[in-house]
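*Asks:*
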Amino acid sequence: MVRLAVIPGDGISSEVVPEAVKTLEAASEIYEYSLEYETFDFGVERYLRTGQAVPDDFDDFIRSLPDKFDAALFGAGGTDPRVPTGISAQPVLHGLRRGLDLYANVRPSRLLSDDLTPLKGKTSDDIDFVVIRENTEGYESGTAGNFKVGTPDEVEIRPEYNTRKGVSRILEFAFEHTQRLGRTNLAMAEKGLPDGLWSRTFADVSARYPDIEARHVHVDTLAYLIVTAPETLSVIVAENRAGDILSDLGGAIQGSRGLAYSGCFNPEHEFAYFEPVHGTAPDIVGRGIANPIASIMAARMMLEFRGHQQAADAIEQAVRAAISTGAVTRDLGGRNSTAQVGDAVREALRNPNR
Ligand code: NAD
Ligand code: MN
Numbered sequence: 274m275v276r277l278a279v280i281p282g283d284g285i286s287s288e289v290v291p292e293a294v295k296t297l298e299a300a301s302e303i304y305e306y307s308l309e310y311e312t313f314d315f316g317v318e319r320y321l322r323t324g325q326a327v328p329d330d331f332d333d334f335i336r337s338l339p340d341k342f343d344a345a346l347f348g349a350g351g352t353d354p355r356v357p358t359g360i361s362a363q364p365v366l367h368g369l370r371r372g373l374d375l376y377a378n379v380r381p382s383r384l385l386s387d388d389l390t391p392l393k394g395k396t397s398d399d400i401d402f403v404v405i406r407e408n409t410e411g412y413e414s415g416t417a418g419n420f421k422v423g424t425p426d427e428v429e430i431r432p433e434y435n436t437r438k439g440v441s442r443i444l445e446f447a448f449e450h451t452q453r454l455g456r457t458n459l460a461m462a463e464k465g466l467p468d469g470l471w472s473r474t475f476a477d478v479s480a481r482y483p484d485i486e487a488r489h490v491h492v493d494t495l496a497y498l499i500v501t502a503p504e505t506l507s508v509i510v511a512e513n514r515a516g517d518i519l520s521d522l523g524g525a526i527q528g529s530r531g532l533a534y535s536g537c538f539n540p541e542h543e544f545a546y547f548e549p550v551h552g553t554a555p556d557i558v559g560r561g562i563a564n565p566i567a568s569i570m571a572a573r574m575m576l577e578f579r580g581h582q583q584a585a586d587a588i589e590q591a592v593r594a595a596i597s598t599g600a601v602t603r604d605l606g607g608r609n610s611t612a613q614v615g616d617a618v619r620e621a622l623r624n625p626n627r
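FYI, the numbering for the sequence shown is 274 to 627, going by the working numbering.
(1) Which stretch, first to last residue, makes up the alpha helix (DSSP H) that contains glycine 418?
(2) Would the C-beta of isoleucine 518 count as close to the ligand NAD, meaning under 6 Å from any of its heavy atoms?
(3) Assuming contact is defined by CB atoms lying nearer than 7 Å, are serine 529 and aspartate 604 in contact in what I supplied?
(4) Since isoleucine 280 contacts valine 365 with CB under 8 Å, what's their CB separation in whole angstroms?
(5) Counting Cβ pairs closer than 8 Å, one from the region 388-406 and one from the region 497-514, do we hit at least three?
(6) Would a C-beta distance cut-off of 7 Å place leucine 622 and alanine 591 closer than the cut-off?
(7) Which ranges does the beta strand (DSSP E) cover as unbroken runs of at least 3 residues, wholly within the region 329-361, from first to last along the chain?
(8) Got a sec? Which residues, its chain only, sit under 7 Å from phenylalanine 538 by beta carbon, not counting five neighbours each side?
(9) Could you name the residues that DSSP lists as bridge partners for alanine 545?
(10) As a quick exercise: from Ser337, Ile588, His551, pick the residue whose alpha carbon is nearest that of alanine 278.
(11) I need the boundaries of the alpha helix (DSSP H) containing glycine 282, first residue and last residue.
(12) Would you call isoleucine 430 buried or exposed, if buried means 16 or more other Cβ atoms sit within 10 Å of its Cβ?
(13) For the putative contact between alanine 417 and threonine 553, defined by C-beta atoms under 8 Å, what is the C-beta separation to the nearest angstrom?
(14) Between arginine 352 and the ligand NAD, is the CB less than 6 Å from at least one heavy atom?
(15) The ligand NAD heavy atoms versus the CB of threonine 553: any closer than 6 Å?
(16) Go ahead and pull the three-state DSSP assignment for serine 414.
(17) Does the beta-carbon distance from alanine 617 to alanine 600 come in below 7 Å?
(18) Assign asparagine 564 to buried or exposed, taking buried as 16 or more other Cβ atoms, counted over all protein chains shown, within 10 Å of its Cβ.
(19) State the Cα-Cα distance for the pair alanine 362 and tyrosine 320, rounded to the nearest angstrom.
(20) With the cut-off set at 7 Å, would you say glycine 372 and isoleucine 335 are in Cβ contact?
(21) Measure the alpha-carbon distance for proline 483 versus aspartate 468 and round it to whole angstroms.
(22) Is it buried or exposed, aspartate 517, if we count other Cβ atoms within 10 angstroms and call 16 or more buried?
(23) If I measure Cβ to Cβ from glutamate 433 and keep anything under 7 Å in the same chain, skipping five residues before and after, which residues do I get?
(24) Please name the residue, chosen from Leu389, Met274, Gln325, Gly316, that lies closest to asparagine 533 on a Cα-to-Cα basis.
(25) So within the region 516-588, which uninterrupted alpha helix (DSSP H) runs reach at least 4 residues, ignoring any that extend past its ends?
(26) Within the same chain, show all residues whose beta-carbon is closer than 7 Å to that of serine 597, passing over the 5 residues directly before and after it, in chain order.
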């Protein structure tokens with residue numbers, strides 16, 4: 274059984290996340306799991322209805338999630354011109370990441386079909402790496418502040434927090450993940466002090482994994498390698514901001530931001546959450562043309578996490594089949610709607626050999 278908290282969020286999330294849920298339901302009719310889910314309406318729409326994007330007891334709600342659910346599926350949170358700045362479903366994201374301490378954000382970059390990548394001459398053999406992004410520290414500590422606001426002397430302080438505990442555990446997670454994947458190549462992307470906490474901790478942790486070839490690559494060089502030589506990359510571990518940017522680049526070389534997905538984990542917890550990498554896409558919201566594949570693949574990753582590998586594999590096969598028959602949205606050069614792509618995936622799921 275899978276007990277799932279579905280929290281779509283803002284913008285295109287309410288268009289794409291339901292396609293993922295419908296796909297999970299369709300798969301549960303064919304494969305060996307039952308799905309129970311509850312949907313929560315946090316974000317802009319809730320604000321417009323009730324005056325609050327999230328309820329008063331929101332912190333309790335977040336804390337109680339692991340008791341009631343195995344996983345959460347989130348869409349995205351973002352600004353909306355109908356509401357004041359700052360009103361969005363973003364507290365969900367911070368609640369799940371920092372509140373539940375789900376510190377390891379795993380963002381695969383795998384080419385689903387050779388013709389999707391904008392990189393000349395690269396195939397799915399070349400583009401198959403994963404970015405592991407630290408999710409609870411770095412620049413997203415929520416402690417920025419401004420002084421002398423609005424004057425020419427305005428000062429903004431945006432600290433980046435890197436703790437020994439936080440750096441150690443994300444690096445350990447990355448080495449363990451590399452082993453789990455049966456890979457032997459790990460790159461740490463950072464551009465801090467040569468003898469800073471990340472570098473020293475990386476040297477310490479890598480000494481414990483002699484079978485893994487561990488390299489410290491500056492984040493700018495890594496961005497260059499993602500575009501010019503993705504075949505040399507296997508697992509990348511990075512601090513919060515570098516990981517965010519590199520994984521978006523990973524999305525771009527997969528063919529669209531509408532394809533990149535992720536899961537957030539803490540190996541000491543049984544609860545994890547899954548989300549597309551993209552945001553609320555205000556430029557296409559409400560038109561029914563957003564690509565649902567990132568959300569569907571996030572749901573697929575959730576099934577894999579819960580041990581339903583067969584169903585997860587079948588969903589991926591169905592996504593590949595839908596893409597190969599040209600059932601894709603505009604971002605991939607197609608003409609299909611969000612719902613049509615979702616239907617094509619489910620059709621392929623029900624008839625895998627057609
Ligand atoms: P975005 O991902 O929303 O959009 C960037 C571009 O990619 C747009 O042209 C958009 O149309 C396109 N795009 C994104 N998802 C797509 C999909 N599924 N199908 C087709 N095209 C897609 O990023 P942005 O414009 O930088 O941010 C918009 C809002 O989203 C901001 O408020 C930002 O803070 C928020 N955001 C939230 C998250 C999150 O909650 N995890 C992540 C990124 C951005
Ligand atoms: Mn991003």
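For glycine and all other residues, C-beta sits at the position ideal for the given N, C-alpha and C.
Since we're looking at a predicted model, the values are computed, not measured.
*Replies:* Taking the geometry as given:
(1) Element bounds for glycine 418: not the alpha helix (DSSP H) but the beta strand (DSSP E), 418-420.
(2) no
(3) yes
(4) 5 Å
(5) yes
(6) Going by C-beta atoms, leucine 622 is nearer than 7 Å to alanine 591.
(7) 344-349
(8) Same-chain partners within the cutoff: Leu375, Ala377, Val379, Ala545.
(9) Ala344
(10) Ser337
(11) Here glycine 282 belongs to no alpha helix (DSSP H); instead the beta strand (DSSP E) covers 275-282.
(12) exposed
(13) So it is not a contact: roughly 22 Å between Cβ atoms.
(14) Rather than arginine, the amino acid found at residue 352 in this sequence is threonine. At least one heavy atom of the ligand NAD is nearer than 6 Å to the Cβ of threonine 352, so yes.
(15) yes
(16) coil
(17) yes
(18) buried
(19) 10 Å
(20) The answer is yes: Cβ separation under 7 Å.
(21) 21 Å
(22) A residue is called buried when at least 16 other Cβ atoms come within 10 angstroms of its Cβ; aspartate 517 meets this threshold and is buried.
(23) Gly411, Tyr412
(24) The sequence shown places alanine at residue 533, not asparagine. When only C-alpha atoms are compared, the closest one is Leu389.
(25) 566-578
(26) So the list reads Ser386, once near-sequence residues are dropped.
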